[in-house]
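Colleague: I am attaching a structure below and will ask some questions about it afterwards.
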Amino acid sequence: MKLASLSDYLLLRINRSPVRPAPAKGKAASSRESGAAKSLKSGKSGSERMPVNRQIYQLIREAILAHTLPAGMQLPSSRDLALELGTSRNTVTYAYEQLLAEGYLESRTGSGTFVADTAPDQIPEAVERKEPLTDPSGKSELSARGALLTRQAGVGERQWGAFMPGVPDVTCVPHKIWGRLQNKHWRRSCSDLLTYGPGAGYAGLREQIAEYLRVARSVNCTPSQVLITTGIHQSIDIVVKLLGEHGDTAWVEDPCYWGTRSVLNSLGIQSVPIAVDQEGMRMRLANLRRPPRFICTTPSHQYPLGMVMSLSRRRMLLEYAATHKVWIIEDDYDSEFRYGGRPLASLQGMDTQDRVLYMGTFSKIMFPGLRIGFLVVPESLAKAFATGIAELYRNGQVFLQATLADFMAEGHFASHIRKMRVLYAERLQLLQQAINRHFGEKMTITGGEAGLHLVLGLPQECDDVLICEQALAAGIVVRPLSRYYMAARGARRGLLLGYASVPNDEIARAFDQLAAVIKPHLA
């Protein structure tokens, strides 16, 4: 197929119209413009609405696959073919480059562009299926672990609004300050901030975290013990992968954060529920006789019920861990927001035997989308953990870590915490007033001394899962307390109400809507 033949082949299929005779010299552009080129530019063809460059690409590709354009055939230059088609050279160049990239054409220096000797085999067109493919037996192809994870999923699609637990007011982040610090690093054009980071994370941020934890949480650590993670989930993941084996057991508070169980289950760790009371984890003799590999706890603000682990329970837990070589995973997720009294120091700060792995997150203080958390490990494990993070996750986000480090160093972090603590205390009070207005003393409220949520107790005969479903239909997000329990027999009924992300002037109205859903279940 020669130049004229190829151009005719394309014009016939692009325009679906007869090919005009070649015009006299000097009238090529105007004559073509009146017919084929106008059709090309308008995009009206058998492939209506498809850009011309895509049409040319597709037609040449189909001709190669059908051997209409044989292997080794030389194609006209992009300039010549564009002139014949009455279109721009860029349009043809796009088609040629795409075909070169996919292996249909090859370029030979000094000779031109040719149909490749070994063009890719024809790829069949995708066929639309009427029904999704399923296992003939009807069984899921998920592993047992995958089935458990999806069956017990705790995360929902809505992550904002009344009364979503655990979400801060992201509109209060000082955007101008944050933007200024980000721009400062952009202007530096430092390649170190845009590539993979060290396993332990950005050194400047680790220094700021270590200093903050020493002052605010009495955590005994140096910057070398601090590792940057993407949050609590990744912190638990790396701890279990480096210190646990498939089939190990972990004690978890019952109720507890669903994410903790999900990560443990996904790694083959058996979760053993340990009931809690007003002093925290209540370890019975039967439990103590069978030491686990891990103990997962939220001693500073139990999730989701909100109590603080007593000093006597903390000492007992530390002594037990030291005696039986158990690792304690301390999740200190939101202790910054306390509205009454002073919290006890971290469990890690009381540990003299290096059995506590302390973790936290910036999701509650700053904004969840930041995805920066931290893990504090004993000095003897710091190097191994940094290597493990680098090998498993290829740490990144160095740019954001550097921005956060500056945000802390300049005092904005501490100022933001003070500001939000006052705001959240106001919202907590407004929510408590709304609850009392509708239910008086008929309902119990727990966990209202700290954090970003409270628990509204319900009678045991109430179906808190159904109430949450009905509330969601009304545009209100709440979480059922019973779903946080492993042991169904002792599961309490209630609702987790997050107040941090609800504007002050919307709290009463939003709770009016929720109360309208709850009241029929109390009749």
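Mapping the sequence shown onto my numbering, position 387 (from 1) lands on 1392, and the numbers just tick up by one.
Think of the CB as a built atom: it goes at the ideal place given N, C-alpha and C, for glycine as much as any other residue.
The structure presented is a predicted model; accordingly, all values stated were derived computationally and were not measured.
#1: Out of 1015, 1250, 1072, 1421, which has the shortest C-alpha to C-alpha gap to residue 1182?
#2: Nearest to residue 1294 by alpha carbon, out of 1382, 1056, 1256?
#3: Would you call the stretch 1302-1322 in contact with the stretch 1427-1445, where contact means no fewer than 3 C-beta pairs closer than 8 Å?
#4: Return helix, strand or coil for residue 1467, following the three-state DSSP convention.
#5: Rounded to whole angstroms, what's the CA-CA distance from residue 1231 to residue 1362? Just pull it up for me.
#6: Does the beta-carbon distance from residue 1206 to residue 1058 come in below 9 Å?
#7: According to the neighbour-count rule (16 or more other Cβ atoms, all chains shown, within 10 Å of its Cβ), is residue 1529 buried or exposed?
#8: If you check the beta carbons only, do residue 1168 and residue 1403 fall under 9 Å apart?
#9: Taking only runs that begin and end inside the stretch 1157-1219, name each unbroken beta strand (DSSP E) of 3 or more residues, in chain order.
#10: What would DSSP say about residue 1119, mapped onto helix, strand or coil?
#11: Quickly, what does DSSP pair residue 1226 with across the bridge? List them, please.
#12: Can residue 1364 and residue 1322 be called in contact, C-beta distance under 9 Å?
#13: Which word fits residue 1522, buried or exposed, when buried means at least 16 other C-beta atoms lie within 10 angstroms of its C-beta?
#14: Suppose you measure from the CA of residue 1304 to the CA of residue 1276; what does that come to, to the nearest Å?
#15: When the Cα of residue 1274 is compared with those of 1260, 1288, 1300, which residue comes out closest?
#16: Short of 6 Å in beta carbon distance, which residues of its chain neighbour residue 1484, apart from the five on each side in sequence? Order them along the chain.
#17: Taking the alpha carbon of residue 1358 as the point to measure from, which residue in 1337, 1241, 1332, 1091 has its own alpha carbon closest?
#18: Taking DSSP's pairing of strands, which residues face residue 1256 in a bridge?
#19: Under 9 Å, do residue 1210 and residue 1407 count as touching if we go by C-beta distance?
#20: Would the beta-carbon of residue 1466 fall within 9 Å of that of residue 1498?
#21: Just reading off the beta strand (DSSP E) that residue 1113 is part of, what are its end residues?
#22: In angstroms, rounded to a whole number, what distance separates the CA positions of residue 1488 and residue 1151?
#23: Could you name the residues that DSSP lists as bridge partners for residue 1335?
#24: Compute the Euclidean distance between the alpha carbons of residue 1472 and residue 1102, then round it to the nearest angstrom.
#25: Over the uninterrupted alpha helix (DSSP H) stretch that includes residue 1522, give me the two end residues.
#26: Can the beta-carbon of residue 1591 be found less than 9 Å from the beta-carbon of residue 1086?
#27: What three-state label does DSSP hand residue 1047 in the structure shown?
#28: Can the beta-carbon of residue 1395 be found less than 9 Å from the beta-carbon of residue 1203?
#29: Can you tell me which of 1217, 1233, 1186 puts its alpha carbon nearest to the alpha carbon of residue 1208?
#30: From residue 1491 to residue 1290, what does the alpha carbon distance come to, in whole angstroms?
#31: With a threshold of 8 Å, establish whether the CB of residue 1209 neighbours any heavy atom of the ligand GTP.
Modeller: Considering the structure as presented:
#1: 1421
#2: 1256
#3: no
#4: coil
#5: 10 Å
#6: no
#7: With the chain represented from 1006 up to 1528, any question about residue 1529 goes unanswered, as that position is not in the structure.
#8: no
#9: none
#10: strand
#11: For residue 1226, which the question treats as bridged, DSSP gives no partner whatsoever.
#12: no
#13: buried
#14: 18 Å
#15: 1300
#16: 1170, 1501
#17: 1332
#18: 1277, 1300
#19: yes
#20: yes
#21: 1110-1113
#22: 19 Å
#23: 1302, 1363
#24: 58 Å
#25: 1509-1523
#26: Since the first residue shown for the chain is 1006 and the last is 1528, residue 1591 is missing from the structure and cannot be characterised.
#27: The pLDDT assigned to residue 1047 is 43, lower than 50, so where the model puts this residue is not dependable; a value taken from the coordinates is nonetheless given after this. DSSP places residue 1047 in helix when its eight states are reduced to three.
#28: yes
#29: 1233
#30: 20 Å
#31: No copy of the ligand GTP occurs in the structure displayed, which carries no ligand at all.
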